[in-house]
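Chains as they are written, first to last, in this note's numbering: chain A, 2 to 141; chain B, 2 to 141. Using N, Cα and C, we set each Cβ at its ideal position, and we do this for glycine too. I have placed the structure first, in the form of structure tokens, so that the comments after it can refer back to it.
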């Protein structure tokens with residue numbers, strides 16, 4: 002599933018002179034992922050949040066799925082799983098047929114996106130120094 | 002791969018009276034996972050850190066793999082990938098043959114475990130309130 006996480010923390014390696022040609026390895030990137038599980042089910046995770054954001058942007062499940070390079074069927078299943086896990090649904094797609102009408106993010110969906118992204122950001126900011134130390138153990 | 006993460010944050014749902022019989026759903030659990038990627042490779046992630054911890058405990062790759070219900074081959078491949086990603090190896094298994102001698106965590110391996118777990122803990126502690134809010138959106 003494509004990642005649209007905003008919590009990438011690229012911590013550059015120790016300050017050596019940069020060679021003119023590109024480095025042999027990609028730069029190490031530290032990234033948090035937050036998952037909320039109920040039993041074996043991932044109720045909320047990066048894939049579902051990215052899907053919600055894409056629906057908020059595009060106004061339809063079809064367009065969101067296309068944007069994320071995901072089948073409509075997979076997008077629909079993820080949303081169904083998410084809606085079942087929540088007290089109130091995150092997406093309202095009552096209008097039109099299965100593929101017909103548009104889909105709207107609900108207030109709960111908006112809250113979910115906001116909390117999730119804020120948590121990722123706060124987590125990342127809380128650990129910058131140790132993240133840098135960890136990344137410095139890696140070869141370049 | 003088995004998870005041995007210590008960053009589980011179980012945030013109990015709103016304070017309702019507990020029924021005598023077990024709840025219909027498992028309790029939602031919010032969990033951070035930290036990954037460091039270099040290009041497409043996950044250089045450091047929860048599986049590798051759990052494996053390092055098991056080697057530190059058991060003193061051998063064979064015992065650690067068994068403890069984590071993982072094949073020796075898979076454990077060896079994960080360690081090889083990890084050692085290649087680091088400036089200095091996290092595990093020293095020079096002694097004995099491939100299956101023969103014991104394996105020891107190096108100072109780098111110990112640093113890696115410590116930083117990884119400290120980051121998870123700090124991240125989790127930094128977001129307790131928003132985590133609770135997020136978990137409260139979930140049905141019980």
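Report buried or exposed for residue i, applying the criterion of at least 16 other Cβ atoms within 10 angstroms of its Cβ.
i	result
residue 139 of chain B	buried
residue 46 of chain B	buried
residue 1 of chain B	Not covered by the structure: residue 1 of chain B. The range shown for chain B is 2 to 141.
residue 71 of chain A	buried
residue 8 of chain B	Reliability of the predicted coordinates at residue 8 of chain B is poor, the pLDDT of 44 falling under 50, and the value obtained from them is presented with this limitation in mind. Buried, since its Cβ has 16 or more Cβ neighbours within 10 Å.
residue 79 of chain B	buried
What residue range does the beta strand (DSSP E) around residue i cover?
i	result
residue 147 of chain A	Here chain A has residues from 2 to 141 only, and residue 147 of chain A is not among them.
residue 44 of chain B	42-45
Just to make sure I have the definition right: I need the residues of chain B whose C-beta is within less than 8 Å of the C-beta of residue i. Which are they?
i	result
residue 37 of chain A	29, 30, 31, 32, 135, 136 and 139
residue 120 of chain A	128, 131, 132 and 135
residue 87 of chain A	138, 139 and 140
Tell me the rounded alpha-carbon separation between residue i and residue j.
i	j	result
residue 43 of chain A	residue 134 of chain A	30 Å
residue 132 of chain B	residue 125 of chain A	14 Å
residue 1 of chain B	residue 111 of chain B	Examination of residue 1 of chain B is not possible in this model, given that chain B is present from 2 through 141 alone.
residue 89 of chain B	residue 127 of chain B	31 Å
residue 106 of chain B	residue 122 of chain B	22 Å
residue 84 of chain A	residue 52 of chain A	13 Å
residue 97 of chain B	residue 103 of chain B	Any answer about residue 97 of chain B is weak, because its pLDDT of 48 lies below 50 and its placement is not dependable; what the coordinates show is given next. Straight-line Cα distance between these residues: approximately 7 Å.
residue 108 of chain B	residue 93 of chain B	10 Å
residue 91 of chain A	residue 136 of chain B	14 Å
residue 77 of chain B	residue 117 of chain B	21 Å
residue 57 of chain B	residue 67 of chain B	14 Å
residue 113 of chain B	residue 41 of chain A	29 Å
residue 129 of chain B	residue 37 of chain A	13 Å
residue 86 of chain B	residue 69 of chain A	30 Å
residue 62 of chain A	residue 73 of chain A	7 Å
residue 64 of chain B	residue 65 of chain A	46 Å
residue 33 of chain A	residue 35 of chain B	5 Å
Taking Cβ-Cβ distances shorter than 7 Å, what residues in chain A pair up with residue i?
i	result
residue 50 of chain B	The contacting residues do not exist; residue 50 of chain B stays about 10 Å from chain A at best.
So which residues of chain B does residue i contact, with C-beta pairs closer than 9 Å?
i	result
residue 109 of chain A	138
residue 113 of chain A	135 and 138
List, in order along the chain, the chain B residues whose C-beta lies closer than 7 Å to that of residue i?
i	result
residue 124 of chain A	33, 124, 127 and 128
residue 117 of chain A	135
residue 44 of chain A	29 and 139
Since residue i is in the alpha helix (DSSP H), which residue starts that stretch and which ends it?
i	result
residue 137 of chain A	129-137
residue 71 of chain B	From DSSP, residue 71 of chain B is part of no alpha helix (DSSP H); its letter is neither H nor E.
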